[in-house]
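K.L.:
I'd like to ask some things about the structure below.
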Amino acid sequence: MASGNGTTGGSSTTDVYNKARHWLLMPSWAILGTFVLAPVCVMLIYSFLTKEFRGGVIWDFSLAAYDQFFFDRGLFGDGDPTLQWTYITIFWRSIWQAGLATVLALLIGFPTAYYIATRPENTRALWVFLITIPYWVNLLIRTVSMKFLLRDEGPLNDLLMSTGLVDDPLRIINTNLAVQLGLFYSYLPFMVLPIYASVERYNFTMSEAAADLYASKWNTLRRIVLPAVKPGVVAGCILVFVPSLGAFLAPDLLGGAKNFMIGSLIEEQFKGNAGNWPFGAAASMILLTLVMSVLLIIARPQRSAGAKI
Amino acid sequence: MKDKTDIAVEIQAAVKRYGNFTALHRISLSIRDNEFFTLLGPSGCGKTTLLRLIAGFEDVSEGQIYLFGDEIDTLPPHKRSVNTVFQNYALFPHMSVLQNVAFGLEMQGKSLSKARKRAGEMLELVQLSQYANRKPAQMSGGQQQRVALARALAPQPKVLLLDEPLSALDLKLRKAMQLELKHIQRETGITFIFVTHDQEEALTMSDRIAVMSNGALQQLGAPRDIYEQPHNMFVADFIGDTNLLEVTVEAISDGDAKCRIDDSHALICPAVETVVVGARLHLSIRPERMILTEEANANQSFKGTVVENIFIGTDITTIVKLETGSQITVRTSNSDRGSKRIIDVGHDAFVNMEVGAARLLAD
Ligand SMILES: Nc1ncnc2c1ncn2[C@@H]1O[C@H](COP(=O)(O)OP(=O)(O)OP(=O)(O)O)[C@@H](O)[C@H]1O
Ligand SMILES: [Mg+2]
């Protein structure tokens, strides 16, 4: 009898818990629905509408935006469709710029995170604080400062020339290199912080065990540490790659007109009266599809590994 | 070193400091080849620290460590031919059991197929062949322990270090593993350095025991020597149960000391090196080396009253309050009961010591 009571009590608590969880999750669902799902739906719908010339849309179904993205039909729009390379080139540049920024951030961010995580426990918070300090300043201001630093007459070139390392100022501004530097700098902490979190949780006895079993430092890192902190590395890569792909501040301010990225392209479609909303929406949808595919590819092995543990 | 093949590990005046704190005070030890050697001591006495010095996870502050005659104290851990069974096992969670065991062999440069083959043999040795493809998290504590053992044994280290490997197991499993470890040690012929704070475990398993306390070596010897001839209060108290009697040394002759217990009792027992006449020292007498009688049968029996009889399976422990006020614990084997009657609580009893039962302690 007593045990019967116990069992019913247990299952009814679970019921109550489940019900409570259901209701407690409602605000999150509401927020996700309103601010994530709904805007994406709006974008999806707009991308299939007809453009209004001073911005905005006309509610007529049209594939014109996607057509404009992928095909070139001549100046008057009546030629034979050929593949439109302009936008694909911009996309391709965005992808490799974002990918390179991710790789650079990983190369710099991983040792940084590892270093912080292996400091004495009471000083780690300070290190993390130091990493985040620059990011208390608005991104726009930091990017403008970067532009100032990298200018032909800027401090960097002044320094290089005064030390005699170069005779003429290095042309950095308005190149892909400047964009790259801007992206890398903007998103570096998003690489450091998740990796730091997972290295901090890593049990360093594993490294001792590996060294005990004749593994060199490099093999210990490769075979033991990296697999253990992989979730943090993957999270860091996603957090750097995704915003880099859609970034417009760094390409706009540091890259100039020649080094356009998708973010700037999309931004332009919605700015002022010159834009083309359906085209911006279509480019956004293509970008979204691209990002989702990349994430699925990265996240899939991750999920199955997580499920096994 | 004297004989390269005889001494597996030689520790010379090893000191380990953490800042101002000295964890190990000039430890010198020789561990013989093929030996089951145990480091025994209470928590915090420096057992793990000493093991970590041998494995190379910490550097000695002073002193040298030799492995079969070669100085190893400056080598990194992966260049020392010793392997460790960690207290919490430290298995690699993302690798299968087989991969865990094969890891050391791979790192030694063995081909993958050779490493896998030998790892399989090791799993057979610890009877885990059917779990080769599991992840460590899917194994019980006892099974993980044996994986850790197989992993450490697989590369055929010259010396195996074991840091309280059995402490997480329940009593029954622990007893079984004690026998298995002993068996594996004999089978492989590898020198084991085993750390434990459990004196019973140390006595059961070891060829020799080093008793440590507060970062210093207290006594080194075979289990039986340590049990029967403890050098000092710490060892006598830490190993097994004992009765400690405070005595005054009255005279010393021919290596024997005459120790006065009270006005009517004195005992002759082997003197320790440092003893001087007039010193106040302690005698250690094991509970099983005394006999209780209802009448005084020799001039060396102590009169008292039985306070308690405690039945503990194989033995009966009797606590006797002596006339002098101190309490003595006497243990009588249950099988002897026919000849030695149990004396009921409240009755008078005489405590008689066996010849040579008392041991004079240095401090
Ligand atoms: N990294 C360290 N820094 C400072 N002190 C340390 C460090 N490691 C160990 N100690 C100290 O050294 C002493 C010995 O520690 P050790 O771990 O060797 O003890 P132990 O005998 O293995 O104990 P236990 O049975 O509890 O494992 C302890 O007092 C401990 O506080
Ligand atoms: Mg320890």
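Protein chains in written order, with this note's numbering: chain A, 1 to 309; chain B, 1001 to 1363.
The beta-carbon is built from N, C-alpha and C at its ideal position, and this holds for glycine as well.
1) So, for E1250/B: in the same chain, excluding its five sequence neighbours on each side, which residues have a beta-carbon less than 6 Å away from its beta-carbon?
2) At a cut of 8 Å, does the region 1156-1174 of chain B reach the region 1121-1138 of chain B through at least three beta carbon pairs?
3) Is the closest heavy atom of ligand 1 to the C-beta of A105/A under 7 Å?
4) Where does Q1145/B land, buried or exposed, given buried means 16+ other C-beta within 10 angstroms?
5) Return the residue from the list C1269/B, L1091/B, F1311/B and E1010/B that minimises the CA-CA distance to Y1066/B.
6) Indicate, with yes or no, if ligand 2 has a heavy atom lying under 7 Å from the CB of E1164/B.
7) Any beta carbon of chain B sitting closer than 8 Å to that of P231/A?
8) Whose C-beta lies closer than 8 Å to the C-beta of I58/A among residues of the same chain, with five residues either side of it excluded?
9) Look at the Cβ atom of P1165/B, then the Cβ atom of A1137/B, and state whether they are nearer than 8 Å.
10) Return the CA-CA distance between G280/A and L149/A, expressed in angstroms with no decimal places.
11) How about G255/A and V144/A: do their beta carbons lie closer than 8 Å?
12) Along the chain, where does the beta strand (DSSP E) that runs through T1191/B open and close?
13) Please classify E208/A as buried or exposed, where buried requires at least 16 neighbouring CB atoms within 10 angstroms.
14) Any idea what DSSP makes of K308/A, helix, strand or coil?
15) Residues in the region 1104-1120 of chain B with C-beta within 7 Å of chain A's C-beta atoms, listed in sequence order?
16) Provide the residue span of the alpha helix (DSSP H) that contains E268/A, from first to last.
17) Answer with buried or exposed for H1347/B, where buried requires no fewer than 16 other C-beta atoms within 10 angstroms of its C-beta.
18) Does the pairing of the region 1167-1176 of chain B with the region 288-296 of chain A give three or more beta-carbon distances under 8 Å?
19) Run the CB neighbour count on H1282/B, radius 10 Å, all protein chains shown included, and call it buried at 16 or more, exposed below.
20) Residue range of the beta strand (DSSP E) that E1250/B falls in?
21) Who are the neighbours of A257/A on chain B, taking C-beta pairs under 8 Å?
22) For a test of the three-state rule: what should DSSP assign to N1020/B, helix, strand or coil?
23) Could you name the residues of chain A that P1165/B contacts, counting a contact when the two beta carbons are closer than 9 Å?
24) Checking contacts by CB at 8 Å: is N1133/B closer than that to chain A?
25) Given a cut-off of 8 Å, decide if R1118/B and A1154/B are closer than it, judged by their beta-carbon atoms.
26) Do Y1018/B and ligand 1 come close, with the Cβ less than 7 Å from some heavy atom?
27) Check the DSSP bridge columns for S1333/B and list the partner residues they point to.
28) Any heavy atom of ligand 1 closer than 7 Å to the Cβ of F1037/B?
29) Quick check: what's the CA-CA separation for G232/A versus S1096/B?
30) Measuring only between beta-carbons, confirm whether T1305/B sits less than 8 Å from chain A.
31) May I ask you to verify whether the region 1048-1061 of chain B touches the region 163-181 of chain A, counting CB pairs closer than 8 Å and requiring at least 3?
32) Residues of the region 196-217 of chain A in Cβ contact with chain B at a cutoff of 8 Å, in chain order, please.
33) Report the rounded CA-to-CA distance for T1196/B versus N1088/B, giving the unit in angstroms.
34) Tell me the residue span of the beta strand (DSSP E) that contains T1038/B.
35) Tell me, please, whether the CB atom of A1150/B is closer than 8 Å to any CB atom in chain A?
36) Please classify N1352/B: does DSSP put it in a helix, a strand, or coil?
P.N.:
Per the coordinate set shown:
1) Translated into the one-based positions of the second sequence, residue 1250/B becomes position 250. Taken in chain order, the residues that qualify are K1258 and R1260.
2) Judged by pairs of C-beta atoms under 8 Å, the region 1156-1174 of chain B does not touch the region 1121-1138 of chain B, as fewer than three such pairs exist.
3) On the first sequence, position 105 is the one that residue 105/A refers to. At a cut-off of 7 Å, the beta-carbon of A105/A does not count as near ligand 1: no heavy atom of the ligand is closer than that.
4) Here residue 1145/B corresponds to residue number 145 of the second sequence, with the count starting at 1. If you draw a 10 Å sphere on the C-beta of Q1145/B, you find 16 or more other C-beta atoms in it, and that means buried.
5) What you label residue 1066/B is simply residue 66 of the second sequence in a count that begins at 1. Of C1269/B, L1091/B, F1311/B and E1010/B, the residue nearest in Cα terms is E1010/B.
6) As a first step, residue 1164/B must be located in the second sequence, where it is residue number 164. Relative to ligand 2, the beta carbon of E1164/B is positioned inside 7 Å of a heavy atom.
7) The residue you call residue 231/A lines up with position 231 of the first sequence. With 8 Å as the cut-off, P231/A does not count as an interface residue toward chain B.
8) The sequence position of residue 58/A within the first sequence is 58, counting from 1. Spatial neighbours of I58/A in its own chain (CB-CB distance under 8 Å, excluding positions within 5 residues in sequence) are listed in chain order as L49, T50, K51 and E52.
9) The residue labelled residue 1165/B in the question sits at position 165 within the second sequence. The residue labelled residue 1137/B in the question sits at position 137 within the second sequence. No, the Cβ-Cβ distance between P1165/B and A1137/B is not below 8 Å.
10) Looking up residue 280/A in the first sequence gives position 280. Looking up residue 149/A in the first sequence gives position 149. So the alpha carbons of these two residues sit roughly 32 Å apart.
11) For the purposes of this step, residue 255/A is identified with residue 255 of the first sequence, where counting begins at 1. For the purposes of this step, residue 144/A is identified with residue 144 of the first sequence, where counting begins at 1. No Cβ-Cβ contact shorter than 8 Å links G255/A with V144/A.
12) Walking along the second sequence from the start, residue 1191/B turns up at place 191. Where T1191/B is concerned, the enclosing beta strand (DSSP E) stretches over T1191 to T1196.
13) To locate residue 208/A, count along the first sequence from 1; it is residue 208. E208/A is buried by the Cβ-count criterion.
14) The count along the first sequence starts at 1 and reaches residue 308/A at position 308. Because K308/A sits at a pLDDT of 38, beneath the cut-off of 50, its placement in the model cannot be relied upon, and the following sentence gives the value as read from the coordinates. The answer is helix: DSSP assigns K308/A an H, G or I state.
15) So the close ones are G1104, M1107 and Q1108.
16) Within the first sequence, numbered from 1, the residue matching residue 268/A stands at position 268. Per DSSP, E268/A belongs to the alpha helix (DSSP H) from I262 to F270.
17) As a first step, residue 1347/B is located in the second sequence; it is residue number 347 there, counting from the start. An exposed status is given to H1347/B, since fewer than 16 other beta-carbon atoms sit within 10 Å of its beta-carbon.
18) By the C-beta criterion, the region 1167-1176 of chain B is judged not to be in contact with the region 288-296 of chain A, since fewer than 3 inter-stretch pairs fall below 8 Å.
19) As a first step, residue 1282/B is located in the second sequence; it is residue number 282 there, counting from the start. The residue is buried, with at least 16 neighbouring Cβ atoms inside 10 Å.
20) What you label residue 1250/B is simply residue 250 of the second sequence in a count that begins at 1. Under the DSSP assignment, E1250/B falls in the beta strand (DSSP E) whose first and last residues are N1243 to S1253.
21) In the first sequence, the residue the question calls residue 257/A occupies position 257. Close partners of A257/A in chain B (Cβ separation under 8 Å) are lacking, with about 48 Å as the shortest Cβ gap.
22) In the second sequence, the residue the question calls residue 1020/B occupies position 20. Of the three classes helix, strand and coil, the one that applies to N1020/B here is coil, per DSSP.
23) The residue labelled residue 1165/B in the question sits at position 165 within the second sequence. Under the 9 Å cutoff, chain A gives no residues; its nearest Cβ is about 13 Å from P1165/B.
24) Mapped onto the second sequence, residue 1133/B falls at position 133. So, not an interface residue.
25) For the purposes of this step, residue 1154/B is taken as the residue at position 154 of the second sequence. For the purposes of this step, residue 1118/B is taken as the residue at position 118 of the second sequence. Less than 8 Å separates the beta-carbon of A1154/B from that of R1118/B.
26) Counting from 1 along the second sequence, the entry for residue 1018/B is found at position 18. The closest heavy atom of ligand 1 lies less than 7 Å from the beta carbon of Y1018/B.
27) Within the second sequence, numbered from 1, the residue matching residue 1333/B stands at position 333. Bridge partners of S1333/B: D1315/B.
28) Along the second sequence, read from residue 1 onward, the residue named residue 1037/B stands at position 37. Not so, every heavy atom of ligand 1 lies at least 7 Å from the Cβ.
29) Position 232 of the first sequence, counted from the start, is the residue given in the question as residue 232/A. Position 96 of the second sequence, counted from the start, is the residue given in the question as residue 1096/B. Rounded to the nearest whole angstrom, the C-alpha separation of G232/A and S1096/B is 22 Å.
30) For the purposes of this step, residue 1305/B is taken as the residue at position 305 of the second sequence. Under the Cβ distance rule, T1305/B does not count among the residues neighbouring chain A, no pair being separated by less than 8 Å.
31) No, because fewer than three Cβ pairs between the region 1048-1061 of chain B and the region 163-181 of chain A fall closer than 8 Å, the two stretches do not touch.
32) Shown in chain order are the members of the region 196-217 of chain A whose Cβ falls below 8 Å from a Cβ of chain B: N203, T205, M206, E208, A209, A210, A211, D212, L213, Y214, A215 and S216.
33) Taking the first residue of the second sequence as position 1, residue 1196/B is located at position 196. Taking the first residue of the second sequence as position 1, residue 1088/B is located at position 88. Cα to Cα, T1196/B sits roughly 14 Å from N1088/B.
34) The residue labelled residue 1038/B in the question sits at position 38 within the second sequence. Taken as a continuous stretch (DSSP letters only), the beta strand (DSSP E) holding T1038/B covers F1036 to L1040.
35) Position 150 of the second sequence, counted from the first residue, corresponds to residue 1150/B. No, A1150/B does not count as interfacial toward chain A.
36) Counting from one through the second sequence, the residue named residue 1352/B turns up at place 352. Three-state DSSP puts N1352/B in a strand.
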